[in-house]
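I have placed the structure first, in the form of C-alpha cells, so that the comments after it can refer back to it.
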Amino acid sequence: MSKIKLAFIGCGGMAGAHLNGYIELKKRGLDTFDIVALADPVEANTARFASALSQVQPIKIEIYQDYEKMLKEQELDGADICTPHYLHHTCAIACLESGVNAIVEKPLGVTMKAAKKMVDSAKNNNKILAVAEQVRRWMGPRVVEWAIRSGIIGTPRMFFSQVLGGSRTNPDIKVSDHQITWRQNKLTGGAGPIFDWGVHYADLLIYFFGDVDSVYANTRKFSDMKYRDANGNPVDQTVEDTSIASIVFKNGVIGTWNYSHVAPGKSLSYTVYYGSKGSIYGDSNYPTSPQLHTWDGTTKDTQQLISEFLSATDKSVIQRYFPPELYPDPANLSGDYGVILEVYDFINAIRENRQPELDGWDGLKAQAIPMAFFESSTCGQAVKMEDIISGKIDAYQQEINDKWGI
Ligand SMILES: NC(=O)c1ccc[n+]([C@@H]2O[C@H](COP(=O)([O-])OP(=O)(O)OC[C@H]3O[C@@H](n4cnc5c(N)ncnc54)[C@H](O)[C@@H]3O)[C@@H](O)[C@H]2O)c1
2 MSKIKLAFIG CGGMAGAHLN GYIELKKRGL DTFDIVALAD PVEANTARFA SALSQVQPIK
62 IEIYQDYEKM LKEQELDGAD ICTPHYLHHT CAIACLESGV NAIVEKPLGV TMKAAKKMVD
122 SAKNNNKILA VAEQVRRWMG PRVVEWAIRS GIIGTPRMFF SQVLGGSRTN PDIKVSDHQI
182 TWRQNKLTGG AGPIFDWGVH YADLLIYFFG DVDSVYANTR KFSDMKYRDA NGNPVDQTVE
242 DTSIASIVFK NGVIGTWNYS HVAPGKSLSY TVYYGSKGSI YGDSNYPTSP QLHTWDGTTK
302 DTQQLISEFL SATDKSVIQR YFPPELYPDP ANLSGDYGVI LEVYDFINAI RENRQPELDG
362 WDGLKAQAIP MAFFESSTCG QAVKMEDIIS GKIDAYQQEI NDKWGI
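So for the sequence shown, the numbering used here puts the first residue at 2; every next one is plus one.
In C-alpha cells:
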C-alpha cells in the first residue's frame, strides 16, 4: 500500500503535540504516511512545522493559508484539524465532503448542532471522523476502567471529582496583561474550561460508567477580570470560570463534578470512585495514578494495580491499547504516549478501513456532558441527556449557532 497522505489544518499549540506524535512514529520506523501539506493563516506556524518535518521526511511540503484551496489542490487521505473550536465543523465537513478522512481535536464541535452535522457528514460521505482524545489512552484510565468493569470495587455507586484553585490570581487585578484569545470568548470557544478541558474528563466518565441519564448544574462567571484586545483595550471574557454539577448515569451511578479556577486560598484536586466493596482514588482530576482502597483496609498503589491489570487482561486487548511495535513494555510508559497512540490509531484506521477507537459519535457524546451543564444552568432545571444530544434543549447554544449559521 502506498503511503497515506496527511495534512494539518491549524498548526498552533496542540497541533505541535500531534506533530511530535507523527515525528515519533517516523523515528520508530512506522513510516506509513507523509504529511504533505499544511494549512494555517499564520505563516510562522506553518514554517515551524515544515522545518520540523523536513528532518524526518524527504519530500516537499505544500503550504497554504486557506485550507479550502488546499483541499482543492491536494489529493489527501486524511487531515488533522487543530483549529479553534468554532472552526472545527466547517473544516471537518469541508474535508469529509472532499473525500478526506479527518481527526479533529476535542471538543468535536462548538455546539451540539455543529457536532451532529460533522457526524452526519462522515456517515453521508462514508469517511472516518475521529475525535482526538488522548486521556483515556493513558495507563491510569485503562487501569481504572478495568478495575471498575471487573468488579474490583464491587457495584459502582458514586464518584466525586473536584478541581478547585486559582490562588495564584490576584483578585485585585482588574485587567489582565494577557491578550484575549478565542478561548475566553463564548462564541469562538463554545464555553470555557469545563467544556474545553472538561470534555476529556467527560469521556472518561462515559468510559467508566456508560451513558449519562441526566444532569443538574450551575455554571458561573464570578470573576470580572478583563483581558486586552489586539490594541490593548480592556475586553470582557464571556465564558464561565466555575461549574458545580450533579450527574446521574443510566446504570444508577451518581456523582458530583466541581470545577473552579477562581477559588482562592486552598486548592483541591482529586477524583474518587466508590463501589460497594471499595474505592479508587486519584490525586488529580484525571486518575493518572490510581490507588485502590477496599472496605477491609487493603490498599494497592498504582504500580500494583498496573501489574494486576496487565496480567489479568487478555494480551490482545493490551496490544490493542499499547501496540507492541510502539510500546513493547507497557508497564513502563513515559512521554506523551496518549497523543502518539491517537494519531497512530487514526493512520491505522485509514489503512485498515476501520473506525478509530474514538469516532465522531464518541466525541459528540463526551461534549454533551459539559454542554448539559450550561443548558441546565441556563434553564435552572435538571436536563435529560437525550434532550441535549437531540438538540431539544439548546437555549445556551443558540447565540453560538446563530453567530456561525450552524
Ligand atoms: N487534547 C489536548 O490535550 C488539547 C490541549 C490543547 C488544545 N487542544 C485543542 O486543540 C485545538 C486547538 O487548540 P490550540 O491550543 O492548539 O489553539 P491555538 O490557538 O494555539 O492554535 C490554533 C491554530 O489554528 C490556526 N487557525 C485559525 N484559523 C484557521 C483557519 N481558518 N485555517 C487553518 N488554521 C487556522 C491558528 O492560526 C493557530 O495556529 C482546540 O480544539 C483545543 O481544544 C487539545
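Using N, Cα and C, we set each Cβ at its ideal position, and we do this for glycine too.
Please read all numbers here as calculations on a predicted model, not as lab measurements.
For residue i, the nearest candidate out of the options (CA to CA)
i: Val-263; options: Val-240, Tyr-202, Asp-212; result: Val-240
i: Ser-308; options: Asp-330, Pro-324, Ser-317; result: Asp-330
i: Ala-231; options: Asp-214, Ile-181, Asn-186; result: Ile-181
i: Val-37; options: Glu-44, Ser-244, Thr-257, Val-57; result: Val-57
i: Ser-378; options: Asn-219, Thr-257, Ala-131, Ala-115; result: Asn-219
i: Tyr-260; options: Ile-195, Lys-366, Lys-124, Ser-312; result: Ile-195
i: Gly-279; options: Glu-326, Ile-153, Asp-346, Phe-9; result: Ile-153
i: Ile-255; options: Cys-380, Arg-158, Gly-233; result: Arg-158
i: Phe-323; options: Gln-305, Glu-343, Gln-304; result: Glu-343
i: Ala-192; options: Ser-335, Ser-244, Leu-205; result: Ser-244
i: Tyr-282; options: Arg-352, Ser-162, Met-140, Trp-147; result: Ser-162
i: Ala-8; options: Leu-26, Ala-53, Ala-103, Glu-98; result: Ala-103
i: Ser-99; options: Asn-186, Lys-70, Asn-354; result: Lys-70
i: Ile-60; options: Asp-212, Phe-209, Asp-35, Asn-46; result: Asp-35
i: Arg-221; options: Lys-187, Gly-253, Asp-204; result: Lys-187
i: Lys-411; options: Thr-156, Asp-346, Ala-383, Ala-367; result: Residue 411 falls outside the range modelled here, since the chain spans only 2 to 407, and no answer is possible.
i: Ser-3; options: Thr-33, Lys-27, Ala-313, Leu-26; result: Thr-33
i: Glu-146; options: Leu-306, Met-226, Asp-346; result: Leu-306
i: Asp-225; options: Ala-313, Gly-211, Asn-171; result: Asn-171
i: Ala-396; options: Lys-227, Met-113, Asn-354; result: Met-113
Ligand 1 heavy atom lying under 6 angstroms from the CB of residue i
i: Asn-46; result: yes
i: Val-101; result: no
i: Cys-12; result: yes
i: Ala-95; result: no
i: Val-240; result: no
i: Glu-106; result: yes
i: Asp-41; result: yes
i: Thr-257; result: no
i: Cys-83; result: yes
i: Met-71; result: no
i: Met-15; result: yes
i: Tyr-68; result: yes
Backbone CA spacing between residue i and residue j [nearest angstrom]
i: Pro-288; j: Lys-73; result: 43 angstroms
i: Val-43; j: Gln-66; result: 7 angstroms
i: Glu-76; j: Asn-333; result: 39 angstroms
i: Ala-51; j: Gly-17; result: 11 angstroms
i: Asp-178; j: Asp-388; result: 40 angstroms
i: Lys-175; j: Tyr-271; result: 30 angstroms
i: Gly-406; j: Ser-277; result: 48 angstroms
i: Ala-148; j: Phe-310; result: 8 angstroms
i: Ile-394; j: Phe-374; result: 12 angstroms
i: Val-273; j: Phe-160; result: 6 angstroms
i: Pro-371; j: Gly-381; result: 15 angstroms
i: Arg-150; j: Asp-363; result: 19 angstroms
i: Phe-209; j: Leu-130; result: 23 angstroms
i: Ala-93; j: His-294; result: 44 angstroms
i: Ala-203; j: Ala-48; result: 35 angstroms
i: Lys-404; j: Leu-327; result: 44 angstroms
i: Thr-257; j: Asn-402; result: 29 angstroms
i: Pro-265; j: Ala-383; result: 29 angstroms
Run of the alpha helix (DSSP H) containing residue i, from where it starts to where it stops
i: Ala-23; result: Going by the sequence as given, residue 23 is Tyr instead of Ala. Tyr-23 -> alpha helix (DSSP H) spans 14-28.
i: Gln-66; result: First-last for Gln-66: undefined, no H or E at that position.
i: Glu-241; result: First-last for Glu-241: undefined, no H or E at that position.
i: Asp-388; result: 386-391
i: Met-140; result: 140-150
i: Arg-364; result: The sequence given here places Gly at residue 364; Arg does not occur at that position. First-last of the alpha helix (DSSP H) with Gly-364: 361-380.
i: Ser-215; result: Unbroken run through Ser-215 is the beta strand (DSSP E), 213-221; no alpha helix (DSSP H).
i: Arg-229; result: Looking at the DSSP string, Arg-229 is not in any alpha helix (DSSP H); the run it does join, the beta strand (DSSP E), is 227-229.
i: Ala-383; result: That residue, Ala-383, is in no alpha helix (DSSP H); it is neither H nor E in DSSP.
Contact under 7 angstroms by Cβ, residue i with residue j
i: Val-101; j: His-89; result: no
i: Gly-11; j: Thr-91; result: no
i: Val-120; j: Tyr-87; result: no
i: Pro-235; j: Val-144; result: no
i: Trp-198; j: Gly-190; result: no
i: Gly-392; j: Ala-123; result: no
i: Asp-214; j: Lys-251; result: yes
i: Lys-6; j: Asp-78; result: yes
i: Tyr-68; j: Ala-45; result: no
Range of the contiguous beta strand (DSSP E) that encloses residue i
i: Gln-292; result: 292-295
i: Ala-40; result: 34-40
i: Leu-165; result: 157-165
i: Gln-180; result: 176-180
i: Gly-276; result: 269-276
i: Glu-106; result: 102-106
i: Ala-409; result: There is no way to answer for residue 409, as the model of the chain reaches only from 2 to 407.
Residue i CB to nearest heavy atom of ligand 2 below 6 angstroms
i: Asp-197; result: The model depicted lacks ligand 2 and carries ligand 1 instead.
CB contact below 7 angstroms: residue i versus chain D
i: Val-254; result: Here chain D cannot be found, since the structure has a single protein chain.
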